[in-house]
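Heads up, the thing below is written out as C-alpha cells.
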Amino acid sequence: MKTILLIEDDSDVRENTAEILELANYRVLKAENGRRGVEMARKEQPDLVLCDIMMPELDGYGVLHLLGRDPATAEVPFIFLTAKAERSEVRKGMELGADDYLTKPFDESELLNAIEGR
Amino acid sequence: MHPAIAKHDVAHVCELLFSSAAEGLVVVDLHGTILLVNPRMEELFGYVPGELIGRPIELLVPAAGRKAHVAHRQEYAAHPTKRPMGIGLDLQGQRKDGSTFAVEVSLNHFELHGDRFIMGLLTDITKRRSAEAALQRVNAELEQRVEERTADVKAAEKNLREALVKEKELNALKSRFVSMASHEFRTPLSTILSSVDLIGRYNDGSHKVNVERHVTKVRSKVRELTAMLNDLLSLEKLEQGQVQCIPEDFDLVDLCIELLEELRDLAKPGQEIRFDHRGEDRRLYQDPRMLANILRNLLTNAMKYSPEDRPIVLRTAIDGAQVEVEVVDQGIGIPAEDQPHLFQRFFRAGNAVTIQGTGLGLNIVRRYVDLMGGTIAFISRLNEGTTFTIHMPTRVIP
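As C-alpha cells, this is what we get:
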C-alpha cells in the first residue's frame, strides 16, 4: 500500500481528500500546516506529497523548498493543491520543482489520475 | 501750397475752414478773455453768435474745474507750447444750460502785432467716450465670460479627475475582488465537490452515516458561499447608496437572544457565548435588521478567530440616549501594524490570510454603524483577544 502525505490547512478539504484517497486504497498521513508536513515527510518517507499552497506556519512553497533540499525527501513526487488559479502562481510552483498541480475544486478522478501518473 | 490755389485765395480758404470746421475754435488773450470763436464753438456750447466774445474762457469750464483751469491757463501762458490740453484727464466742457460733455482740446499760441494769443481747438468726444465705455463694458463682459468658462473648464477637469480616481479605485477593487473570490470560493467548492464524489461512492445504501455526514458538509459549505455572496451584494448595495436605515421600535435583549440561538450551531466546541445586558431600558428605535447583521458579523468573526474552549462575550448597555454594544473574544488578535487597515474592503490581517474570509465583513459593519448614527472602535492584543465596541443612539434619526 502506497503512502500519501496530505498537507492542507482547511480541515474539510483535508478530511474529504483523505477519505477519497483511503477509499482508493492509499494510506494517508495528514498534516494541518507546512511545518508539521515537513516533519512528517522526514519521519515517514511517504511515496507522494499532496500539498496546499496558502497555509499558516509554513506555506506550500516553503514545504517544497525544504523537502527538495533534503536528499531523503528530494525524490518524492510532489503535487500542489492550489486555490490560486492564476498562471503566475502555477508557474511559480512548477519552477520550484513540483511535479504537478491540481486547482481547487478538483474532482475524484482528477485527483486519482494525478497521483497514478506519478 | 499747390498751384491750384492762388495766393490771394488763401485767406478765403482759411475763412471757410474756420467757419465750417467740425471742431470748435477759440482764441483767447493771456487773461483768458474770449476774443474769437467759430460757429461750431458756439453751437457746441449752446450760445448765440457773438454771445461768448469778451467773456472769460472759464465760462465754458464746469464750476468744479474753473479754479484749476485759471492756474493751468496762467502756467501755459508763461510757457506756451503746442500740445494737447489735460493729458490723461477726463476734460469736460459746460454748455450754457449747465449740462456738461466730454471734450478734447489741443492748444497753440501765436503772436500778432506784438501781442500773444492762445488758440484752442476743441472736439466733442461724447460719442468716442461712450464708444470707449461700451468697449470697456464689452471687454469686462468678455473677461467675465472667459473667467466663467475657465471656471467651468476647471470644474469639468476636476470632475474628470475625480471620475478617474473613482474609476481607478473601482478597477483596483475589481481585481482585489477577483483574486479574493478566486481563492475564497475555491476552498468551500473543493469540499462540496469531494463530498459529492464521496456521496456517489457511498450510494449502495450501506453507508447511510457517511452519506449524511457529507450532505451536512455540502449544506454548510453552500451556506458559507451564500454568506460570502451576501457580503458582496451588501457591499454593492452600500456602494450604490441603496441601503437605508429603517428604524422601528424593538427589544434589544430579545434580538440578542434570538441571534445567539441562530449562531450557536456555528460555534466551535467549547465556544460558549455569554450575553449580558445592563440598564433597565431594553427598547431601541433603530434598524433591527442592520443591528442583527452587525452583531452576526462581529460574533461569527469572534468564533472564527478564537480557538475552541474560549468564551465569547456579548455585552449590551443602555444609558440614557446611548446604547453600547461590546463583542469580546480571546482569539488570535489583530497585529498592531494591521489595525489601521482593518475596516478597509478586502483587507485581511496578516495572521488571518489562511483563515477563510472575504475581508468585507468589517467594512460592511462600519458602514451599517455609520448609517445607524453610531461609531465603532476596537482594542486588540495579538494572541490575547479583541474587543469591538459600538456606540449608537437609542433613537436614530434616519
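These protein sequence lines are chains G and A, in that order. Quick note on numbering: the working numbering labels position 81 of the first sequence as 81, and the sequence is numbered without any gaps. Quick note on numbering: the working numbering labels position 100 of the second sequence as 100, and the sequence is numbered without any gaps. C-beta: ideal position from N, C-alpha, C; glycine also.
To the nearest whole angstrom, what separates the beta carbons of LEU55(G) and ASP9(G), a pair I think is in contact under 8 Å? Note on residue identity: the sequence assigns Met, not Leu, to residue 55(G). Right, their Cβ atoms sit about 4 Å apart.
Coil, strand or helix - ARG55(A) by DSSP: ARG55(A): coil per DSSP, three-state reduction.
For the alpha helix (DSSP H) containing TYR76(A), list its first residue and its last residue. Membership of TYR76(A) in the alpha helix (DSSP H) is indicated by the continuous run 66–78.
What residues from chain G crowd round LYS217(A), counting only those whose CB sits closer than 9 Å? Residues of chain G with a Cβ closer than 9 Å to the Cβ of LYS217(A) are, in chain order, ASP12, GLU15 and ASN16.
Residues of the region 83–111 of chain G with Cβ closer than 9 Å to any Cβ of chain A, in chain order: When C-beta distances to chain A are compared with 9 Å, the residues of the region 83–111 of chain G below that value are ALA83, LYS84, ALA85, GLU86, THR103, LYS104, PRO105, PHE106, ASP107, GLU108, SER109 and LEU111, in chain order.
Under 8 Å, do VAL215(A) and TYR202(A) count as touching if we go by C-beta distance? Result no, Cβ atoms of VAL215(A) and TYR202(A) do not sit closer than 8 Å.
Assuming MET228(A) contacts LEU266(A) under a Cβ cut-off of 8 Å, what Cβ separation, rounded to an integer in Å, is found between them? Actually they do not touch by this definition, with Cβ atoms about 14 Å apart.
From HIS79(A), ARG176(A) and GLU43(A), residue whose alpha carbon lies closest to that of LYS96(A): Ranked by Cα distance from LYS96(A), the options HIS79(A), ARG176(A) and GLU43(A) are led by GLU43(A).
Restricting to Cα atoms, I'd like to know which of ASN159(A), LEU259(A), LEU295(A) and GLN322(A) is closest to ARG282(A). The residue with the shortest Cα to Cα distance from ARG282(A) is GLN322(A).
Going along the chain, which unbroken runs of the beta strand (DSSP E) with 3 or more residues stay wholly within the region 54–111 of chain G? Runs of the beta strand (DSSP E) lying entirely within the region 54–111 of chain G, each at least 3 residues long, are 78–82 and 100–103 in chain order.
Where DSSP assigns a beta bridge to MET119(A), which residues make up the other side? The partner list for MET119(A) (beta bridge, DSSP) reads VAL27(A) and ASN108(A).
What residue from VAL196(A), VAL26(A) and HIS341(A) has the CA that sits closest to ASP107(G)'s CA? With distances taken between Cα atoms, ASP107(G) lies closest to VAL196(A).
Proximity winner among GLU184(A), LEU112(A) and PHE388(A), relative to LEU314(A) (alpha-carbon distances): Answer by Cα proximity: PHE388(A).
Leaving out the 5 sequence neighbours to the left and right, which residues in its chain are closer than 8 Å to ARG296(A) when beta-carbon positions are compared? Non-local beta-carbon contacts of ARG296(A) in its own chain, meaning distances under 8 Å to residues more than five positions away in sequence, involve LEU259, GLU262 and LEU263 in chain order.
Near ALA225(A), what residues of its chain come up, given a Cβ to Cβ distance below 6 Å and the 5 sequence neighbours on each side ignored? In the sequence as displayed, the identity of residue 225(A) is Leu instead of Ala. Around LEU225(A): PRO188.
What does the Cβ neighbour count give for LEU15(G), buried or exposed, with the cut at 16 atoms within 10 Å? Note on residue identity: the sequence assigns Glu, not Leu, to residue 15(G). Buried, by the Cβ-count rule.
Spatial neighbours of ALA74(G) in its chain, beta-carbon cut-off 6 Å, leaving aside the 5 residues before and after: Apart from sequence neighbours up to five positions away, the residues of its chain that approach ALA74(G) with a beta-carbon distance below 6 Å are GLY68, ordered along the chain.
MET55(G) touches chain A at which residues, Cβ-Cβ below 9 Å? Going along chain A in sequence order, the residues near MET55(G) (Cβ under 9 Å) are THR354.
Leaving out five residues on either side along the sequence, give the residues of the same chain with a beta carbon under 7 Å from the beta carbon of VAL103(A). Beyond the five residues adjoining it in sequence on each side, VAL103(A) comes within less than 7 Å, by CB distance, of LEU91, GLN92, GLY93, LEU122, THR123, ASP124 and ILE125 in the same chain, given in chain order.
Tell me whether LYS2(G), by its Cβ, gets closer than 7 Å to a heavy atom of the ligand GDP. By its list of ligands, the structure shown contains no ligand whatsoever, and the ligand GDP lies outside what it can speak to.
Between LEU360(A) and ILE20(G), what straight-line distance do the alpha-carbon atoms span, to the nearest angstrom? Between LEU360(A) and ILE20(G), the C-alpha separation is close to 33 Å.
Buried or exposed: where does ALA156(A) fall if 16 or more other Cβ atoms within 10 Å of its Cβ makes it buried? In this structure ALA156(A) is exposed. Its beta-carbon is surrounded by fewer than 16 other beta-carbon atoms within 10 angstroms.
Taking only beta carbons into account, state which residues of the region 55–78 of chain G come closer than 8 Å to chain A, listed in chain order. Listed by position along the chain: MET55 and PRO56.
Can you give me the start and stop residues for the alpha helix (DSSP H) that VAL325(A) sits inside? Membership of VAL325(A) in any alpha helix (DSSP H) is not indicated; the residue belongs instead to the beta strand (DSSP E) covering 322–329.
Around the Cβ of ASN230(A), are there at least 16 other Cβ atoms within 10 angstroms (buried) or fewer (exposed)? ASN230(A) comes out exposed.
Output needed for ARG118(G): all residues of its chain with C-beta closer than 8 Å, excluding positions within five of it in sequence on either side, in chain order. Counting only Cβ-Cβ distances below 8 Å, and skipping sequence neighbours, we find LEU48, PRO77, ILE79, ASP99 and ASP100.
For THR400(A), return the contacting residues in chain G, with the cut-off set at a CB-CB distance below 7 Å. This structure gives no information on residue 400(A), because the portion of chain A shown stretches from 1 to 398.
Apart from the five residues on each side of it in sequence, which residues of its chain come closer than 6 Å, Cβ to Cβ, to ILE379(A)? Contacts found: THR387.
Who are the Cβ neighbours of GLY279(A) in its own chain at under 7 Å, not counting the five residues just before and after it? Cβ neighbours of GLY279(A) beyond the five flanking positions: ALA317, ILE318 and ASP319.
Since GLY93(G) contacts THR82(G) with CB under 8 Å, what's their CB separation in whole angstroms? Rounded to the nearest angstrom, the Cβ distance from GLY93(G) to THR82(G) is 7 Å, consistent with a contact under 8 Å.
Going by C-alpha to C-alpha distance, which of GLY374(A), SER190(A), LEU342(A) and ALA63(A) sits closest to SER11(G)? Scanning GLY374(A), SER190(A), LEU342(A) and ALA63(A) for the CA closest to the CA of SER11(G) turns up SER190(A).
Pairs of beta-carbons, one from the region 18–31 of chain A and one from the region 110–119 of chain A, closer than 8 Å: are there three or more? Verdict: yes, contact present.
Just by C-beta distance, which residues in the region 207–237 of chain A are closer than 9 Å to chain G? Flagged, chain order: ASN210, HIS214, LYS217, SER220 and LYS221.
So the candidates are HIS65(G), ASN113(G) and LEU23(G); which of them puts its Cα closest to the Cα of HIS207(A)? Nearest Cα to HIS207(A) within the set HIS65(G), ASN113(G) and LEU23(G): LEU23(G).
Can you have a look at PHE110(A) and say buried or exposed, based on whether 16 or more other CB atoms are within 10 angstroms of its CB? Under this definition PHE110(A) is an exposed residue.
Length of the line joining the Cα atoms of ALA377(A) and GLU324(A): Distance between the alpha carbons of ALA377(A) and GLU324(A): 11 Å.
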